[in-house]
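One structure is given here, and the rest of the page talks about it.
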Amino acid sequence: MHPLRRSLPSLTALTAFEAAARYESFTRAAAALGVTQAAVSRRIKALEDEIGQPLFDRGNRRVRLTDAGRDLSAAVGRAFDDLTRTVDAIRRPGAKLTVAVSVAFGHFRLLPALSSFRATEPDIDLRVISEDAWNAPDDGQVDVAVRYGRPPFRGMRVAASLGEAVVPVCAPAMAADLGPVTMGGLARGGDIPLIDSASPEPSWLDWAGWFARKGWAGGFDGARLRFSSYSDAAYAAMDGQGVALGWTGLLERPLADGRLVALDVPPLRPAERHHILVPEGRPLAEPVDAFTDWLSGMSWPTG
0 MHPLRRSLPS LTALTAFEAA ARYESFTRAA AALGVTQAAV SRRIKALEDE IGQPLFDRGN
60 RRVRLTDAGR DLSAAVGRAF DDLTRTVDAI RRPGAKLTVA VSVAFGHFRL LPALSSFRAT
120 EPDIDLRVIS EDAWNAPDDG QVDVAVRYGR PPFRGMRVAA SLGEAVVPVC APAMAADLGP
180 VTMGGLARGG DIPLIDSASP EPSWLDWAGW FARKGWAGGF DGARLRFSSY SDAAYAAMDG
240 QGVALGWTGL LERPLADGRL VALDVPPLRP AERHHILVPE GRPLAEPVDA FTDWLSGMSW
300 PTG
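At the far end of the sequence shown sits residue 302, using numbering that gives the first Met the number 0, and the numbering has no gaps.
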């Protein structure tokens, strides 16, 4: 037997351990692997017996890695990532690129312009992940991510940044009906229905946060319409249902084609930006350079 086979635990046990470490839950690891929770627990117990020390501190609802578990998790994660990339490259030769963005960024900025990137880089096999959950650092196959906020971002470094301005926006017909709008008129509601949404990013602003950042001290009546998705909130504003906060870079196309107009209120220019991120410690491949150069070179109005 090869000495490596004698020194390594079974791949089945390591797979169960990696999933449990990633989810901090035997139950969620079992669901991801398609096995029972008892099977995951049994495989990890066998792995701990073989190694000779515990890998998890077991709680009622959650498990946490011990120091030994963290060391093994880091090593197993790197090994699995390398194996995945190598097998994928062998299975499908050619340049590949996986990009992770928020749903709103994918919808309003990336997808409408993506054909230009495909035209200039037709040989790159592109996969786009649109989700508001921040999973990019834990996905060993993500090559580029776009994230709104302030650095640092766990497991990622900033390759480029895109500035933003945040201003109230609505449909042109509603803007004409409202006429001149003041901060007080917005804050006190009345005939101006405000639209809010859940935050696709941790530092995303709602109306209360926007008024606070603007230094408004006159009170705020609250939004009268709220969505779980920022994209839905933006489309509700386009449909004339109210006034939403508009990130002028993100909503560049609907602002340019007249589906939305910015109200004549001084915009907020936050310290947060949309950042183009790449994984720390990973050499930049040519497809990553090509994509980051293309994305950072896009027109990006800031109001």
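Virtual Cβ for every residue (Gly too), placed ideally from N, Cα, C.
For the putative contact between residue i and residue j, defined by C-beta atoms under 8 Å, what is the C-beta separation to the nearest angstrom?
i           : j           : result
residue 245 : residue 168 : 3 Å
residue 137 : residue 21  : 6 Å
residue 75  : residue 24  : Not confirmed; about 17 Å, so no contact.
residue 123 : residue 94  : 5 Å
residue 271 : residue 155 : Not quite, the Cβ-Cβ distance comes to about 15 Å (not below 8 Å), so this is no contact.
residue 242 : residue 192 : 7 Å
residue 236 : residue 170 : 6 Å
residue 127 : residue 105 : 6 Å
For residue i, is the classification buried or exposed, using 16 other Cβ atoms within 10 angstroms of its Cβ as the cut-off for buried?
i           : result
residue 15  : buried
residue 178 : exposed
residue 111 : exposed
residue 253 : buried
residue 286 : buried
residue 101 : buried
residue 81  : exposed
residue 269 : buried
residue 97  : buried
residue 47  : buried
DSSP three-state call for residue i: helix, strand or coil?
i           : result
residue 250 : coil
residue 128 : strand
residue 43  : helix
residue 243 : strand
residue 102 : helix
residue 142 : coil
residue 97  : strand
residue 297 : coil
residue 48  : helix
residue 32  : helix
residue 86  : helix
residue 63  : strand
Tell me, please, which residues DSSP counts as bridged to residue i.
i           : result
residue 119 : Answer by DSSP bridge pairing: none, since residue 119 is not bridged.
residue 273 : 147 and 161
residue 261 : 168
residue 303 : One cannot answer for residue 303 here, as it falls past the ends of the chain, which runs 0 to 302.
residue 55  : 64
What do you reckon, is the C-beta of residue i under 7 Å from a heavy atom of the ligand ATP?
i           : result
residue 201 : This structure lacks the ligand ATP, and indeed carries no ligand of any kind.
Fill in: Contained beta strand (DSSP E) runs [length at least 3] in the stretch 183-240, N- to C-terminal order
Counting whole runs of 3 or more residues, the stretch 183-240 contains the beta strand (DSSP E) stretches 193-196 and 224-226.
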